[in-house]
Amino acid sequence: MGVVIKEMGEFRLKGLELPETLSLVYPKELAGRLKLETKNVASKAATTRVQFSLEQLRSLAMLAIRIEALASDRVFRPTTMMHRSYSLQSNSGAAGSPEDIDPEIFMYANPEFLLPPIHDSATDADLLQIMDSLTLRIDNALSTMYLKQVGGYHSVLAALEQAMKVDAGMLVQALSMFGSLME
Numbered sequence: 631m632g633v634v635i636k637e638m639g640e641f642r643l644k645g646l647e648l649p650e651t652l653s654l655v656y657p658k659e660l661a662g663r664l665k666l667e668t669k670n671v672a673s674k675a676a677t678t679r680v681q682f683s684l685e686q687l688r689s690l691a692m693l694a695i696r697i698e699a700l701a702s703d704r705v706f707r708p709t710t711m712m713h714r715s716y717s718l719q720s721n722s723g724a725a726g727s728p729e730d731i732d733p734e735i736f737m738y739a740n741p742e743f744l745l746p747p748i749h750d751s752a753t754d755a756d757l758l759q760i761m762d763s764l765t766l767r768i769d770n771a772l773s774t775m776y777l778k779q780v781g782g783y784h785s786v787l788a789a790l791e792q793a794m795k796v797d798a799g800m801l802v803q804a805l806s807m808f809g810s811l812m813e
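FYI, this note's numbering numbers position 170 of the sequence shown as 800, with every residue one higher than the one before it.
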C-alpha cells in the first residue's frame with residue numbers, strides 16, 4: 631500500500647476513559663519529511679541554550695541599577711566608592727569633597743542588595759527569568775524618564791493627537807524641533 635507508520639505514544643482523548651496509542655500515517659513518498667521533522671526538533675532543542683554569560687547578566691543588572699538611579703535624578707555609585715571618597719576626603723580634603731557624597735546627587739548602595747542573586751549554578755530557566763526581570767526594570771525606568779521629559783505636555787499631546795489624528799511620536803519630534811528654533 632506504500633505507507634509509513636510512526637507511533638507517537640499514548641494520549642488521553644476527550645470522552646474516552648483509557649489512553650489511546652496514536653500513530654502518524656505517511657505515504658511512502660513523504661517519509662523524508664518525518665526525518666526532517668525529527669532533525670528540526672533536535673536542532674531547536676540544541677539552540678535553546680542561553681547565549682550569554684553570567685558576567686554579561688551581572689553587567690545588565692548593574693546597568694538596570696544605574697538607569698533606575700538616573701530615573702530618580704541621581705547617579706549610582708557602589709558603596710565601595712563611598713568608602714573610598716571618605717578616605718580621600720580625610721587624606722587630601724579636596725578630592726573627596728562633600729558634593730561627592732551628597733544623597734540628592736549620588737545614590738550609594740551595595741549592588742548585591744538591589745539585585746536578584748545570580749548564582750553560578752543557576753539553570754537556563756532561572757537566568758531567563760532574571761533577564762526578564764531586569765529588562766522589565768530597565769523598561770520601567772526608561773518610561774519614567776520619558777514621562778519626566780514629556781511631563782506636562784502629555785495632555786496637550788493627547789489633545790493634538792485626537793484633533794489631528796497624528797502619531798504622538800511625530801508630535802514630540804515636531805515640538806522638539808520647534809523648541810530648538812525658539813532658542
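From the three backbone atoms N, C-alpha and C, an ideal C-beta is built for every residue, glycine too.
Can you tell me whether DSSP reads residue i as helix, strand or coil?
i	result
R707	strand
P746	coil
S689	helix
G639	strand
A752	coil
S683	coil
L664	helix
S785	helix
E650	strand
Where residue i and residue j are concerned, what is the direct C-alpha to C-alpha distance, given to the nearest angstrom?
i	j	result
R704	I760	24 Å
E742	S689	13 Å
S763	G662	43 Å
L777	K636	58 Å
Q803	L772	18 Å
Y656	R642	22 Å
G809	D756	46 Å
M800	A701	24 Å
L650	K644	Residue identity differs from the one stated: residue 650 is Glu in this sequence, not Leu. Rounded to the nearest angstrom, the two C-alpha atoms are 11 Å apart.
E640	K665	21 Å
R696	L660	56 Å
H590	E791	Residue 590 lies beyond the range of the chain shown here (631 to 813); nothing can be said about it.
M692	T709	13 Å
D750	L684	7 Å
L758	N770	18 Å
Q779	S806	11 Å
V786	A752	48 Å
Using the beta-carbon count (16 or more within 10 Å), is residue i buried or exposed?
i	result
A789	exposed
E698	buried
L745	buried
G632	exposed
H682	Correcting the residue type first, residue 682 is Phe in the shown sequence and not His. Exposed: under 16 other Cβ atoms inside 10 Å.
M737	buried
L766	exposed
L793	In the sequence as displayed, the identity of residue 793 is Ala instead of Leu. Burial call: exposed.
L687	buried
Quick one: measure Cβ to Cβ for residue i and residue j, integer angstroms, because I've assumed they're closer than 8 Å.
i	j	result
M638	L652	5 Å
A694	I768	5 Å
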